[in-house]
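In our numbering, the protein residues as written are 8 to 651.
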């Protein structure tokens with residue numbers, strides 16, 4: 008086609024062609040609206056409140072149990088236990104979590120490290136070990152976990168970029184003026200994310216592209232073997248924190264100069280004091296966490312602590328606030344705690360939060376044993392507020408749409424003409440009831456739904472709810488006897504709130520039974536007979552447990568159910584006790600025990616000997632987390648008198 012002459016063109020100085028004004032820019036579908044305006048980050052009009060559901064300071068709470076410490080130990084704890092800040096571990100959508108954090112932490116975060124999904128489109132699996140024998144059960148991760156490690160953000164690269172853009176904008180607002188961000192990525196998305204970071208922070212805020220080189224087992228390939236990841240480092244302001252770090256000297260340098268500092272001049276080399284090493288370069292040789300490495304927690308994409316130590320030492324100072332909004336196995340948070348940094352971690356994954364919780368408790372114990380300072384941390388979520396936001400944002404507030412989505416993920420057929428308004432669907436001959444989005448499913452709700460199913464001639468009822476009343480799985484047996492049907496209580500997974508999710512796992516609610524075990528201590532020698540009774544110590548013993556199970560192939564399901572009956576405690580991965588629990592307040596970890604990769608044993612009775620300082624009654628809350636990451640809770644009432 009011949010080029011149009013300038014005299015024939017409608018474009019010119021008075022009417023410039025649109026392409027003549029185009030700047031270099033990364034554009035994706037959804038970046039601009041239909042009018043050409045930049046889409047803002049879509050957030051709730053009012054930030055959703057973060058709910059603290061657990062408080063974890065286990066070494067400190069263990070010592071509170073008996074109150075029998077010496078003065079010098081009290082003084083040590085005053086120094087070792089930092090009360091200036093409670094670290095935060097948040098389970099939920101990091102976009103909503105960051106929006107909630109802005110109210111308190113805008114411009115307050117000193118360093119961010121993130122290892123976001125690499126847009127790989129692959130599933131990652133874990134190995135779940137049962138009991139003490141290390142028997143492994145191949146478990147596919149829940150969709151909530153998979154969303155962190157495969158392209159489930161929507162429509163491929165466009166959706167991925169929009170997801171990352173929204174979150175990077177919030178991270179920029181959280182960063183202090185001297186703060187910086189390290190974004191960990193690989194060859195798949197490095198070119199896109201670098202442009203995205205330059206757009207959010209500015210090209211003049213780019214500081215380094217760091218190559219993390221690691222060794223891999225050599226294999227033949229039609230291309231060069233990939234053996235590195237990349238860390239993109241950007242600052243927020245014109246100044247940034249920088250602490251010089253050093254790498255080991257090369258063998259050749261050591262042989263030549265004997266490990267002394269070298270000062271080069273025009274005609275001579277001056278040997279000074281013993282060298283700290285070579286100033287760190289932008290290529291870091293750090294091995295992966297493999298084999299018998301004690302750091303290893305068997306979590307996909309786990310990064311070595313040495314990598315994060317290099318980042319945190321160079322770009323933050325003691326007491327600074329460090330954040331990781333894709334915290335995974337908790338490596339950033341563990342290193343931050345060991346280096347005396349405050350921290351905030353967020354993740355979508357059920358297993359990520361559970362793995363990180365155990366890991367950080369281990370760090371607390373390690374620091375306490377070494378008489379090093381540490382901070383307590385809380386576990387937070389957005390609770391029903393996140394669900395309500397999803398209902399308004401995605402479902403336009405419709406209860407019917409909520410039920411339809413839950414039934415679709417549960418693979419149940421909706422009932423067009425239900426025999427009762429409480430019966431919403433059918434699956435394999437069982438009626439299905441879907442509880443409202445913002446309610447707790449109670450014994451009264453279960454009885455009403457069971458009676459409706461009984462009147463309709465059902466033999467089985469599945470009740471799907473976001474939350475169940477405590478111990479309902481234990482109390483449902485009476486209702487089953489009354490109505491003659493089997494009732495299954497299943498949690499609605501929060502994963503269904505993520506866009507473009509294909510499937511989710513619905514875990515059946517388990518039940519837990521425990522008992523208080525009092526031990527009366529002997530009276531002090533020479534005490535008068537009429538003196539008050541000797542003090543009583545309280546421990547807790549697990550009695551019965553039924554783990555949360557999900558649907559699985561028939562042969563595997565049969566084996567799991569048999570194991571759950573014959574050896575139910577094998578399914579317990581972690582349990583904790585709050586000896587002075589109060590309804591409506593966070594669960595406070597007074598004692599815990601959990602399995603680790605190295606030690607698969609698990610106590611079924613506490614060994615703390617808790618003593619109360621105030622008269623009873625007291626409520627003891629027991630929390631169990633099974634190998635699938637699902638928690639089950641029960642409460643024990645005790646009337647033991649306080650220590651005299």
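Each residue gets a CB set at the ideal place from its N, CA and C atoms; glycine is no exception.
Next on the checklist: Between the alpha carbons of residue 510 and residue 410, how many angstroms are there, rounded?
Outcome noted: Going by the C-alpha atoms only, they are around 16 Å apart.
Item to check | C-alpha distance - residue 626 paired with residue 618, whole-angstrom precision | outcome: 13 Å
Next on the checklist: So for residue 546, helix, strand or coil by DSSP?
Outcome noted: strand
Item to check | Extent of the continuous alpha helix (DSSP H) to which residue 397 belongs | outcome: From DSSP, the alpha helix (DSSP H) with residue 397 extends over 390-402.
Next on the checklist: With H, G and I counted as helix, E and B as strand and the rest as coil, what does DSSP make of residue 309?
Outcome noted: coil
Item to check | Cα-Cα separation between residue 146 and residue 588, rounded to whole angstroms | outcome: Low confidence applies here, because residue 146 scores a pLDDT of 45, under 50, leaving its location unreliable; read the following figure in that light. Rounded to whole angstroms, residue 146 to residue 588 spans 34 Å at the Cα level.
Next on the checklist: Distance check for residue 422 and residue 436, CA to CA, integer angstroms please.
Outcome noted: Looking at the two C-alpha atoms, the distance is approximately 12 Å.
Next on the checklist: Please classify residue 403 as buried or exposed, where buried requires at least 16 neighbouring CB atoms within 10 angstroms.
Outcome noted: exposed
Item to check | Cross-strand partners of residue 242 (DSSP beta bridge) | outcome: 187
Checklist entry - What does DSSP give as the partner residues of residue 27 in its beta bridges? => result BP columns for residue 27 are empty, so no partner.
Checklist entry - Do we get a CB-CB distance below 8 Å when we pair residue 522 with the residues of chain D? => result Absent from the structure: chain D. Only one protein chain is present.
Checklist entry - Any idea which residues DSSP pairs residue 633 with across the strands? => result 579
Checklist entry - Roughly how many angstroms lie between the CA atoms of residue 99 and residue 355, to the nearest whole one? => result 5 Å
Checklist entry - Is DSSP giving residue 358 helix, strand or coil here? => result helix
Item to check | Contact belief for residue 419 with residue 433 at Cβ below 8 Å, rounded distance in angstroms | outcome: 6 Å
Checklist entry - With respect to the alpha helix (DSSP H) encompassing residue 165, which residues constitute its N-terminal and C-terminal limits? => result 164-181
Checklist entry - How should residue 574 be labelled, buried or exposed, when 16 other C-beta atoms within 10 angstroms of its C-beta is the threshold for buried? => result Residue burial is scored here from C-beta neighbours: residue 574 has fewer than 16 other C-beta atoms within 10 angstroms and is therefore classed as exposed.
Checklist entry - So, helix, strand or coil for residue 503, using DSSP? => result helix
Next on the checklist: Going by DSSP in three states, residue 458 sits in which element: helix, strand or coil?
Outcome noted: Taken through DSSP and simplified to helix, strand or coil, residue 458 comes out as helix.
Checklist entry - Is residue 477 helix, strand or coil by DSSP? => result Note: residue 477 maps to coil in three-state DSSP.
Checklist entry - Around the C-beta of residue 388, are 16 or more other C-beta atoms found within 10 angstroms, so that it is buried, or is it exposed? => result Label assigned to residue 388: buried.
Checklist entry - Counting along the chain, where does the beta strand (DSSP E) carrying residue 444 start and finish? => result DSSP places residue 444 in no beta strand (DSSP E); its state is neither H nor E.
Checklist entry - What separation, rounded to the nearest whole angstrom, lies between the Cα atoms of residue 576 and residue 475? => result The straight-line gap from Cα to Cα measures roughly 22 Å.
Checklist entry - Span of the alpha helix (DSSP H) holding residue 101? => result 101-112
Item to check | Identity of the residues DSSP links to residue 433 by a beta bridge | outcome: 420 and 438
Checklist entry - Using CA coordinates, which residue listed in 547, 453, 483 and 303 is at the minimum distance from residue 644? => result 547
Next on the checklist: Out of 167, 360, 336 and 243, which one is the CA nearest neighbour of residue 180?
Outcome noted: 243
Next on the checklist: On the DSSP bridge list, what partners appear for residue 351?
Outcome noted: 95 and 330
Checklist entry - Can you find at least 3 beta carbon pairs, one from the region 16-34 and one from the region 50-70, that sit closer than 8 Å? => result no
Item to check | Validate contact between the region 368-384 and the region 93-113 using beta carbons, cut 8 Å, 3 pairs | outcome: With the cut-off at 8 Å, the region 368-384 and the region 93-113 touch.
Next on the checklist: Quick check on the burial criterion: 16 or more other C-beta atoms within 10 angstroms. Buried or exposed for residue 224?
Outcome noted: exposed
Next on the checklist: On the DSSP bridge list, what partners appear for residue 290?
Outcome noted: 218
Checklist entry - Would you report the Cα separation of residue 176 and residue 357, rounded to the nearest angstrom? => result 25 Å
Checklist entry - Which whole-angstrom value describes the C-beta separation of residue 253 and residue 228, a residue pair presumed to lie in contact below a C-beta threshold of 8 Å? => result Actually they do not touch by this definition, with Cβ atoms about 35 Å apart.
Checklist entry - Does DSSP classify residue 614 as helix, strand or coil? => result coil
Item to check | Beta-carbon proximity of residue 190 to residue 238, cut-off 8 Å | outcome: yes
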